[in-house]
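First residue of the sequence shown: 1294, per the numbering used here; consecutive thereafter. Worksheet: the structure to be examined is printed underneath.
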Amino acid sequence: MYLNPLIFNSLGFTAEQIGSGITAAAFAGITTRFCTGYFLDKKYSYRNSIKVACLIAILSDFIFYYTQNYLGYIFGQLLLGAAAGIYWPSVELAIPLNCKRVNSSEGYALARSADAIGVTLGVLIGTIGTYFEYTRIIYIIDFICMFYIFSILINRINFFEGIENIKNNTNEDSSYKEKNKISIKKLILSLIPLLSLTLFITGVMTLLQNILPLDLANGGLRRPPLTEQSVATLVTIKLIALAIFQWPIGYIIRNKSSFYKFKCCLISLILGFILLSFSTLLINGYLLILLSFIPLTISLCIFLPSASDAIIKSSPSNFQGSAIALYSQCFGVSALIVPWLAGKLIDNYDTAIELWLIVIIFCILLIPICKNIK
């Protein structure tokens, strides 16, 4: 779905309209995340939750494939957001439950590598489709993937459903029983630093997924607009870099402190967005865009497995579903606000340089918060 904005941009949708669709998806995701977290805490099978998410995603693929108007686009986004809201808390909880021979840090690093490889292959096929003027092939690919996940959940994989397994796979110490006595209010308060950082980073991810392609297609102050094929190619390169670096970086930092991990993440983001800002000022700015992909990719490779692992290790077993839902909720909240605001900013100023500078300022302000993340 990284190429989704390009498809509807080519149909004449404004950046604000595209952003509003992403906001609608985020709203649906926020609602379903709360419900999913509650049911997971009540020991509802995460395998069944993932199957429901697959069926809803398949329906959204059909709508996206055939729609040509704004109403259909909004409806498809609502279903896509609902599917994501059910899927992510379920799969994030499933990862440590199925880490039998590795610890949860390595499990999340491996899972994020699988995510990156899957997304990269999907966008690569979509990019090839743009050269044949058939970008909507991404919906067929997504349909096949969702159907495949649904089938293996039914027929092939034996999941470990016991919630107690987390105690063996998240390296919890002797304070485990005391942690189980924590109220949901105290849990939320203890997670505020991590959730604040997650809210920001997920907003950045939303910008990179939905707004950066629009920025490349519209052009910068001096950088000329790029064709749909060129934009898709650059997005593919970025995702290939993520797929290549995710496992090595995740493995290297697995035993580092949270402060070290998240500080490095923010510093890498600063470097990446400085390069993106300068790219708008140059005729050949796309070269700086390619260079910016290195620190941006490193930052995401650090954050994605580290944040998931930190949430699990900071939460008692009876609240892990809710904690994962809160963490996943950050993706929905940032997607609810960021695309719409960013879309209006681009429509008003015809460039995203102001947006990238704002992100740099927030990165600098958030570095001290990392000290409070356990």
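Where is the CB? At the ideal position from N, CA and C, for every residue including glycine.
Asked                                                                                                                              : Found
8 Å Cβ cutoff met for Asn1448 and Pro1632                                                                                          : no
Neighbourhood of Asn1297 by C-beta, 7 Å cutoff - its chain only, sequence neighbours within 5 removed                              : none
Where Ser1313 falls, given that 16 or more other Cβ within 10 Å makes a residue buried                                             : buried
Rounded separation between Tyr1358 and Met1498 - CA only                                                                           : 24 Å
Whole-angstrom C-beta distance between Trp1381 and Phe1624, which should lie under 8 Å                                             : 7 Å
Sub-8 Å separation of Gly1614 and Gly1305 beta-carbons                                                                             : no
Span separating the alpha-carbon of Ile1604 from that of Ala1616                                                                   : 7 Å
Member of Leu1299, Val1345 and Leu1597 whose CA lies at the smallest distance from the CA of Phe1538                               : Leu1597
Beta-carbon proximity check, Leu1629 vs Phe1320, cutoff 8 Å                                                                        : yes
Residues near Phe1436 by beta carbon distance below 6 Å, same chain, minus five either side                                        : Ile1351 and Asp1354
Inter-residue Cα distance where the pair is Gly1636 and Ser1551                                                                    : 33 Å
Between the CA atoms of Gln1522 and Ile1639 - distance to the nearest angstrom                                                     : 21 Å
Candidates Ala1534, Thr1324 and Ala1510, of which the one nearest Ala1375 by Cα                                                    : Thr1324
Given 8 Å, three or more beta-carbon pairs between the region 1566 to 1576 and the region 1644 to 1651                             : yes
Terminal residues of the alpha helix (DSSP H) in which Ala1645 lies                                                                : Looking at the DSSP string, Ala1645 is not in any alpha helix (DSSP H), and its letter there is neither H nor E.
Collapsed DSSP secondary structure at Pro1382 in the structure displayed                                                           : helix
CB-CB length for Leu1386 against Leu1488, believed under 8 Å                                                                       : Wrong, their Cβ atoms sit about 17 Å apart, outside the cutoff.
Spatial distance of Asn1511 from Ser1303 (CA atoms)                                                                                : 12 Å
For Leu1519, three-class secondary structure by DSSP                                                                               : coil
Contained beta strand (DSSP E) runs [length at least 3] in the region 1393 to 1419, N- to C-terminal order                         : none
Contacts around Ile1300, its chain only, beta-carbon distance under 6 Å, and the 5 residues preceding and following it disregarded : Thr1428
Rounded Cβ spacing between Ile1666 and Leu1490 (contact assumed at less than 8 Å)                                                  : 7 Å
Best match in Cys1656, Val1626 and Ile1651 for proximity to Gly1378 [C-alpha to C-alpha]                                           : Val1626
Ile1563 beta carbon less than 8 Å from that of Ile1653                                                                             : yes
8 Å Cβ shell around Ile1343 - same chain, five flanking residues per side excluded                                                 : Ile1379, Tyr1380, Ser1383, Val1384, Ala1387, Ile1442 and Leu1446
Top-ranked residue by Cα proximity to Phe1425, from Tyr1579, Thr1307 and Ala1525                                                   : Ala1525
Outcome for Leu1599 when other beta-carbon atoms lying within 10 angstroms are tallied against a minimum of 16                     : One detail in the question is off: residue 1599 reads as Ser in this sequence, not Leu. Under this definition Ser1599 is a buried residue.
Beta-carbon gap between Ser1607 and Leu1519 smaller than 8 Å                                                                       : no
Same chain, Cβ closer than 6 Å to Ile1349, neighbours up to 5 away in sequence not counted                                         : Leu1372, Ala1375 and Ala1376
For Arg1340, the three-state DSSP class (helix, strand or coil)                                                                    : helix
Assumed close pair Leu1593, Leu1500 - CB separation to whole angstroms, cut-off 8 Å                                                : About 12 Å; that fails the 8 Å criterion.
Length of the line joining the Cα atoms of Glu1309 and Lys1393                                                                     : 46 Å
Proximal residues to Phe1586 (C-beta, below 7 Å), its chain only, five neighbours per side dropped                                 : Ile1530, Lys1531 and Ala1534
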